[in-house]
Amino acid sequence: MLDPKFLRNELEDTAKRLAARGFTLDVDHISALEDKRKTLQVETEELQASRNAISKSIGQAKARGEDTSSIMAQVGDLGAQLDAKKTELTALLQELNLLAMSLPNLPDDAVPQGADENDNVEVRRWGTPKSFDFEVKDHLDLGEALQGLDFKNAVKITGSRFIVMKGQIARLNRALGQFMLDTHTGKHGYTEAYVPLLVNEDSLLGTGQLPKFGEDLFHTKPATEEAQSLSLIPTAEVPLTNLVRDTIVDEAELPIKMTALTACFRSEAGSYGRDTRGLIRQHQFDKVELVQIVHPDHSMAALDELTKHAESILEALELPYRTVVLCTGDMGFGASKTFDIEVWLPAQNTYREISSCSNMKDFQARRMQARYRNKVDNKPALLHTLNGSGLAVGRTLVAVIENYQNADGTITVPTVLRPYMGGLEVIG
RNA sequence: GGAGGGAUGGCAGAGUGGUCGAAUGCACCGGUCUUGAAAACCGGCAACGGUUUACCCCGUUCUAGGGUUCAAAUCCCUAUCCCUCCGCCA
């Protein structure tokens, strides 16, 4: 959520900055609503003030034992007037709030201008794609041949875009998650967390999935009408970041660095026909998430650091990758700056996204009322939040299978994963 | 599943219809003292919104949403969460 002051005092400038990311702000509509809000709010508060004053004098008169009937007569239809104004004001404020909650974050000044992914800018490249002296297969052919990936049974049990993994491939998937988690907790200073996979509406509003993107999520159907619906997390960013919702943390506790390995669930509404083959786009996949809650002065440095943490996993696995900074038009809803890390996939002969690391600045913090106590004036101030995948386990599995394939269809186990595989060197 | 109790500032915890935005303690900030620190003492200290250059002033907020009343932290209803006892259970 943007600072409401932007919509009051810097509407034109805000509209310009949002236009850079392809979002059109209805300036006339908003300023009309704002004008109305201002007069309504002043009128309402004046009515409240006079009601409070009368009530107070009644209380004082009663305390002195005086007759209050003449003061009572002054009340008249004040209550009815107040109710009417209040109803009107509440509706207006709700409309404005929904509008504010639906606006994306402002891009950081350092983000390149652009319309779509073609305008993203590569910032670095690591490793060299291996040259194979045989025809490479994709992870689907390799996995099925090894009887490690079972798409047919997944369809039978649940439906498309789900997977059953078996044997050493299932273990490899588990090994990847464990390795990532151990690296981030052991080397990068993150605290491991076990978190709920089902979250409530407030959490989704806090991180920005709601009110706009509910259709991207799976929602539970409550047993009773009154019970609230819970939703499956699309990323551990939701529970991890919401840890600081409605809290004021001590500045000395910053930065807070959390990580979790969780399943993630995405409905993939609107992506029918895209990446239908294989593990790239699934309704359910494992991901190790990195979240940092930081002092506002340090969030850009923290983004660089967090991105490096994610990259280090690919380096340890010796998987070639490149890192791009997303242009204004390609960034996610809540991000002010985003690095995507893309891993080399030989079967597709291209780099594919495996991690997305974003500085949300105070966008989520304002929604969540996540604050710290500022040492300068001893007042609460909004925190900055960051998140990134470190990494998407399913896609990393794809990358390992494809990059480490041998001519005979076996898969060499990357060195760093062997301790997690009982010393196994080759899957086959 | 049955019976009962609770939710108040950063934290702990008073407050049961009327100058209550709310005692007190801790924490925090400023000061005195000290070579420095600690202790002690003195003072300050809720958030959000409106108006304003600013001070002031006004409004809202005691888990959330409704209701009663001239007036609600306080009374009523509903929801959520926590605790205690009984039952059941991995």
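Residue numbers (my numbering): 1021 to 1448. Ideal Cβ placement from N, Cα and C applies to all residues, glycine included. Bear in mind the structure is a predicted one, so any value in this text is a computation, not a measurement.
**Message:** Using C-beta distances below 6 Å, list every residue in its chain close to I1276, excluding the 5 sequence neighbours before and after it, in chain order.
**Reply:** Residue numbering aside, residue 1276 sits at position 256 when the first sequence is read from its first letter. Counting only Cβ-Cβ distances below 6 Å, and skipping sequence neighbours, we find I1313.
**Between the CA atoms of Q1198 and V1264 - distance to the nearest angstrom** = Your numbering for residue 1264 matches position 244 in the first sequence. Your numbering for residue 1198 matches position 178 in the first sequence. Answer to the nearest angstrom: the Cα atoms are 26 Å apart.
**Asked** Start and end of the alpha helix (DSSP H) containing P1259?
**Response** Taking the first sequence and counting its residues from 1, the one referred to as residue 1259 is at position 239. That run of the alpha helix (DSSP H) goes E1257 to T1261.
**Item:** CA nearest to the CA of L1417, picked from N1407, Q1389 and K1307
**Value:** Taking the first sequence and counting its residues from 1, the one referred to as residue 1417 is at position 397. Out of N1407, Q1389 and K1307, K1307 has the C-alpha closest to the C-alpha of L1417.
**Request:** Measure how close the beta-carbons of V1413 and L1196 come, nearest whole angstrom, since I'm counting them as under 8 Å.
**Result:** In the first sequence, counting from the first residue as 1, residue 1413 sits at position 393. In the first sequence, counting from the first residue as 1, residue 1196 sits at position 176. Confirmed, Cβ separation roughly 5 Å.
**Prompt:** If we count the other Cβ atoms within 10 Å of its Cβ and call it buried at 16 or more, is Q1248 buried or exposed?
**Reply:** Within the first sequence, numbered from 1, the residue matching residue 1248 stands at position 228. Exposed, because fewer than 16 other Cβ atoms sit within 10 Å of the Cβ of Q1248.
**Request:** Give me whichever residues DSSP pairs with D1129 in a beta bridge.
**Result:** The residue you call residue 1129 lines up with position 109 of the first sequence. Answer is none; D1129 lacks a bridge partner.
**Asked** Taking three-plus beta-carbon pairs below 8 Å as touching, is the segment 1140 to 1147 in contact with the segment 1340 to 1347?
**Response** yes
**Request:** Give the range of the beta strand (DSSP E) segment to which T1279 is assigned.
**Result:** Here residue 1279 corresponds to residue number 259 of the first sequence, with the count starting at 1. Note, T1279: beta strand (DSSP E), I1276 to F1285.
**Prompt:** In three-state DSSP terms, what is I1189?
**Reply:** Translated into the one-based positions of the first sequence, residue 1189 becomes position 169. Reduced to three states, the DSSP call for I1189 is helix.
**Message:** If distances are taken between C-alpha atoms only, which option among Y1214, K1157 and P1124 comes closest to T1034?
**Reply:** Along the first sequence, one-based indexing puts residue 1034 at 14. Ranking Y1214, K1157 and P1124 by Cα distance to T1034 puts P1124 first.
**Message:** Using C-beta distances below 7 Å, list every residue in its chain close to L1217, excluding the 5 sequence neighbours before and after it, in chain order.
**Reply:** Translated into the one-based positions of the first sequence, residue 1217 becomes position 197. Closer than 7 Å at Cβ, skipping near neighbours: L1252, I1253, T1282 and A1283.
**Prompt:** So what does I1361 bridge to, in DSSP terms?
**Reply:** Locating residue 1361 in the first sequence gives position 341, counting from the first residue. According to DSSP, I1361 bridges with T1343 and S1375.
**Request:** Run the CB neighbour count on V1062, radius 10 Å, all protein chains shown included, and call it buried at 16 or more, exposed below.
**Result:** Position 42 of the first sequence, counted from the start, is the residue given in the question as residue 1062. When all chains shown are included, V1062 counts as exposed.
**Message:** Per the DSSP calculation, G1408 is bridged to which residue(s)?
**Reply:** Translated into positions along the first sequence, residue 1408 becomes position 388. Partner(s): L1310 and C1377.
**Asked** How many Å lie between K1082 and T1267 at the Cα?
**Response** As a first step, residue 1082 is located in the first sequence; it is residue number 62 there, counting from the start. As a first step, residue 1267 is located in the first sequence; it is residue number 247 there, counting from the start. Using only the alpha carbons, I get a separation of about 42 Å.
**Prompt:** Between L1031 and P1024, what straight-line distance do the alpha-carbon atoms span, to the nearest angstrom?
**Reply:** Looking up residue 1031 in the first sequence gives position 11. Looking up residue 1024 in the first sequence gives position 4. Distance between the alpha carbons of L1031 and P1024 is about 10 Å.
**Item:** Candidates T1107, A1052, R1037 and L1109, of which the one nearest P1132 by Cα
**Value:** In the first sequence, counting from the first residue as 1, residue 1132 sits at position 112. Cα-wise, what sits closest to P1132 is R1037.
**Item:** Buried or exposed by the 16-neighbour rule on C-beta atoms within 10 Å, applied to V1396
**Value:** Walking along the first sequence from the start, residue 1396 turns up at place 376. Exposed is the call here.
**Prompt:** My guess is that Y1214 and T1279 are in contact by the Cβ rule of under 8 Å, so how many angstroms apart are they, rounded?
**Reply:** Residue numbering aside, residue 1214 sits at position 194 when the first sequence is read from its first letter. Residue numbering aside, residue 1279 sits at position 259 when the first sequence is read from its first letter. Not a contact, Cβ separation roughly 11 Å.
**Asked** How close, in whole Å, do the beta carbons of A1190 and G1168 come, if the pair is a contact with beta carbons under 8 Å?
**Response** The sequence position of residue 1190 within the first sequence is 170, counting from 1. The sequence position of residue 1168 within the first sequence is 148, counting from 1. That pair is a contact at about 7 Å.
**Asked** CA-CA distance, K1150 and N1423?
**Response** Sequence index remark: in the first sequence, residue 1150 carries index 130 (1-based). Sequence index remark: in the first sequence, residue 1423 carries index 403 (1-based). Straight-line Cα distance between these residues: approximately 7 Å.
**Message:** I need the boundaries of the alpha helix (DSSP H) containing V1413, first residue and last residue.
**Reply:** Here residue 1413 corresponds to residue number 393 of the first sequence, with the count starting at 1. V1413 to N1423 is the span of the alpha helix (DSSP H), which, as asked, contains V1413.
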